[in-house]
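What follows is a set of notes on a single structure, which appears directly below.
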Amino acid sequence: MSRVLGPESRANYGWDDGDNAADYEIPILIVAILYHRSLGRRSPLASYMHVLESTPVDSMPFMWDKRRLRTEAGEGVRKAVRDVRADIRDMYDAVIKVLVRDYPDVFGRKSDNATNSNAAEDNWIYSHKSFQWAFAM
């Protein structure tokens, strides 16, 4: 992981570039969380990952589905949720898409999941849904 997200890689991608460096800290941390989640019991952080995986996310409106958001949240909350989701999408696009392109062996979808694109997306550890979950953590 240090080969992919370490200082040299960050410099190559411009993820350590002065004023913008802080913009990449959260998505890089999210990638690290997802990586350790993918390792399961083999991760040195397995106990910590277990705690994160058992943490409820239903108190975070940006994790709610459209129906719940529409029925339980006011317009101000819905606007904030749209903004947070847009920020998460921007972070995802800025980091994950680059990592998938350059390190498909680590971050790419597994070929055995390619037959059903919806199932593959749901099971892919670096999916937008998984990224959003890790952001919540």
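In terms of the UniProt record's numbering, the sequence shown has 37 at position 37, counting the first letter as 1, and numbering is strictly consecutive. Cβ atoms here follow ideal geometry from the backbone N, Cα and C, with glycine treated the same way. Predicted, not measured: the structure shown is a model, and the values here were computed from it.
Within 8 Å, do at least three Cβ pairs link the segment 48 to 63 to the segment 78 to 86?
Taking 8 Å as the limit for Cβ pairs, the verdict is that the segment 48 to 63 does touch the segment 78 to 86.
K66 to M137, Cα distance in whole Å?
By 1-based counting over the sequence shown, the position of residue 66 is 66. By 1-based counting over the sequence shown, the position of residue 137 is 137. About 21 Å.
Expressed to the nearest angstrom, what Euclidean distance is found between the alpha-carbon atoms of Y92 and I33?
Looking up residue 92 in the sequence shown gives position 92. Looking up residue 33 in the sequence shown gives position 33. Cα-Cα distance, rounded: 14 Å.
Rounded to whole angstroms, what's the CA-CA distance from S9 to I30? Just pull it up for me.
Taking the sequence shown and counting its residues from 1, one reaches residue 9 at position 9. Taking the sequence shown and counting its residues from 1, one reaches residue 30 at position 30. Taking the straight line from one Cα to the other gives about 16 Å.
Which residue wins for smallest C-alpha separation from D90, given the options R37, D16 and F131?
Position 90 of the sequence shown, counting from 1, holds the residue named residue 90. Minimum Cα distance to D90 is reached at F131.
Rounded to the nearest angstrom, what separates T71 and G6 at their Cα positions?
For the purposes of this step, residue 71 is identified with residue 71 of the sequence shown, where counting begins at 1. For the purposes of this step, residue 6 is identified with residue 6 of the sequence shown, where counting begins at 1. Going from the Cα of T71 to the Cα of G6 covers about 44 Å.
Would you mind stating whether P27 and V106 have Cβ atoms separated by less than 8 Å?
As a position in the sequence shown, residue 27 is number 27, starting the count at 1. As a position in the sequence shown, residue 106 is number 106, starting the count at 1. Their beta carbons are not under 8 Å apart, which means P27 does not touch V106 by this criterion.
For my contact list, H36 and S43 are in at a C-beta cut-off of 8 Å; report their separation, rounded to the angstrom.
For the purposes of this step, residue 36 is identified with residue 36 of the sequence shown, where counting begins at 1. For the purposes of this step, residue 43 is identified with residue 43 of the sequence shown, where counting begins at 1. With a Cβ gap of about 4 Å, H36 and S43 count as contacting.
Please determine, among L69, W133, A134 and R109, the residue with the shortest C-alpha to C-alpha distance to W124.
Mapped onto the sequence shown, residue 124 falls at position 124. It is R109 whose Cα lies nearest to the Cα of W124.
Quick check on DSSP: helix, strand or coil for K66?
As a first step, residue 66 must be located in the sequence shown, where it is residue number 66. K66 falls in the helix class under three-state DSSP.
Taking 6 Å as the limit between beta carbons, can you name the residues of its chain near residue 165, skipping five residues before and five after?
Within the shown structure, residues of the chain are numbered from 1 to 137, placing residue 165 beyond reach of any answer.
Verify whether the separation of the beta carbon atoms of Y13 and V100 is less than 8 Å.
Along the sequence shown, one-based indexing puts residue 13 at 13. Along the sequence shown, one-based indexing puts residue 100 at 100. No, Cβ-Cβ distance for Y13 and V100 is not below 8 Å.
Identify, in the order they occur along the chain, each residue of the same chain with its Cβ nearer than 8 Å to the Cβ of V57, setting aside the five sequence neighbours on each side.
The count along the sequence shown starts at 1 and reaches residue 57 at position 57. Excluding sequence neighbours, V57 sits near M63, W133 and A136.
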